[in-house]
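Residues in the sequence shown are numbered consecutively from 28, following my numbering.
The beta-carbon is built from N, C-alpha and C at its ideal position, and this holds for glycine as well.
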Amino acid sequence: MILLIDAGNSRVKIAWLAPGESRRSAPPLVLEHAELPGLAARLDFTPRRILGSNVAGGAVRDTLERACCAAWDLPVRWHDARDGHDRLLNGYRQPARLGADRWLGLLGLLQHVEDEPAWRAGAPCILASFGTATTIDTLAWRTQAGGGRRPAFIGGLILPGAALMARSLSQGTADLPLARGGPVDFPTDTDAAIASGIAAAQAGALLRQRRLAAEACSGARPLLFVSGGDWPRVQAELRAALTRTDPDAAPPHRLDSPVLDGLASLARPPAGAGPAAEPAEDR
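Set out below in structure tokens:
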């Protein structure tokens, strides 16, 4: 088995690949940071390799490394934006500075759309991750000097996540509450005004990138994918706004953990490279 670890700011997601598989089949196991020392007790197998992504800082990384070393005497192979360039072009001005979660999420998105007819025909793809921060990143085809084309990350947005927006208003002002509830068109109380404003900001950022991606790709309708724990706070507003702007648009497709899918893609060899060289006991 290959163990996959996505260490995020709020929680850690765990998944695994069975021998010979290139995609995970089970939903991820979700752990709080305080639960990480007991990781091995939550699994019923012994991994032979461990691949990870970490944006939660050094303390979480050290805890995971100690847990894996104590349980299985295995190191964690941490991946970031320096990996996977054989699969996806990185358009960041300083490619290595792109966040590991954003990059691996895009590698995971690519795994989901690689056989999608609209993508193969030239439609861009957008991945919006609604977590502690919201990131909205776009993939598109780019023509190479020799005439061939390759998928590329062409850029994206970072903004405070929905929960972070709500906390900042509550903590940064004297009178505003920590708003809860869903958005409405014309709010008539403070809680609804805040909740609606936050949802509108999140949805509006995604619709902005959707419009710009279409303009950059000859008008092709972008494919939308979403992930993250704060997606439910944005879902109703985005669906309503998308219907108003493009009644024929397909709703966004939710991915439970594109970062884990990106790690899974790095566990397999590039197309045409032959089978992966797994230890004999993994087969």
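Taking 8 angstroms as the threshold, find out whether the stretch 155-172 comes into contact with the stretch 241-256 through three or more Cβ pairs. yes
Three-state secondary structure (DSSP) at Arg76? As a working mapping, residue 76 is identified with position 49 in the sequence shown. Note: Arg76 maps to strand in three-state DSSP.
Extent of the continuous alpha helix (DSSP H) run through Thr90: As a first step, residue 90 is located in the sequence shown; it is residue number 63 there, counting from the start. Looking at the DSSP string, the run of the alpha helix (DSSP H) that includes Thr90 is 85-99.
Val286 and Ser52 closer than 8 angstroms at C-beta: Taking the first residue of the sequence shown as 1, we reach residue 286 at position 259. Taking the first residue of the sequence shown as 1, we reach residue 52 at position 25. Their beta carbons are not under 8 angstroms apart, which means Val286 does not touch Ser52 by this criterion.
Would you say His106 and Leu131 are within 8 angstroms of each other, going by their C-beta atoms? Locating residue 106 in the sequence shown gives position 79, where the first residue counts as 1. Locating residue 131 in the sequence shown gives position 104, where the first residue counts as 1. Cβ distance < 8 angstroms, so His106 and Leu131 count as in contact.
Please name the residue in Leu115, Ala190, Gly174, His139 whose C-alpha comes closest to that of Gly182. Start at 1 with the first residue of the sequence shown, and residue 182 comes out as number 155. Closest by alpha carbon: Leu115.
Who are the near neighbours of Ala294 in its chain, counting only those whose CB is closer than 8 angstroms to its CB and skipping five residues on each side? On the sequence shown, position 267 is the one that residue 294 refers to. Here the set comprises Ile29, Leu31, Leu44, Ser49, Arg76, Leu78, Ala303.
Taking buried to mean at least 16 other C-beta atoms within 10 Å of its own C-beta, is Gln121 buried or exposed? For the purposes of this step, residue 121 is identified with residue 94 of the sequence shown, where counting begins at 1. Exposed, by the Cβ-count rule.
How would you call Ala34, buried or exposed, if buried means at least 16 neighbouring beta carbons within 10 angstroms? The residue labelled residue 34 in the question sits at position 7 within the sequence shown. By the neighbour-count rule (16 or more Cβ atoms within 10 Å), Ala34 is buried.
Please classify Gly299 as buried or exposed, where buried requires at least 16 neighbouring CB atoms within 10 angstroms. Here residue 299 is taken as the residue at index 272 of the sequence shown, counted from 1. With a pLDDT of 48 at Gly299, under the threshold of 50, the modelled position of that residue is not reliable, and no figure is offered here.
Could you compute how far the alpha carbon of Ser223 sits from the alpha carbon of Gly84? As a position in the sequence shown, residue 223 is number 196, starting the count at 1. As a position in the sequence shown, residue 84 is number 57, starting the count at 1. Their Cα atoms are separated by approximately 32 angstroms.
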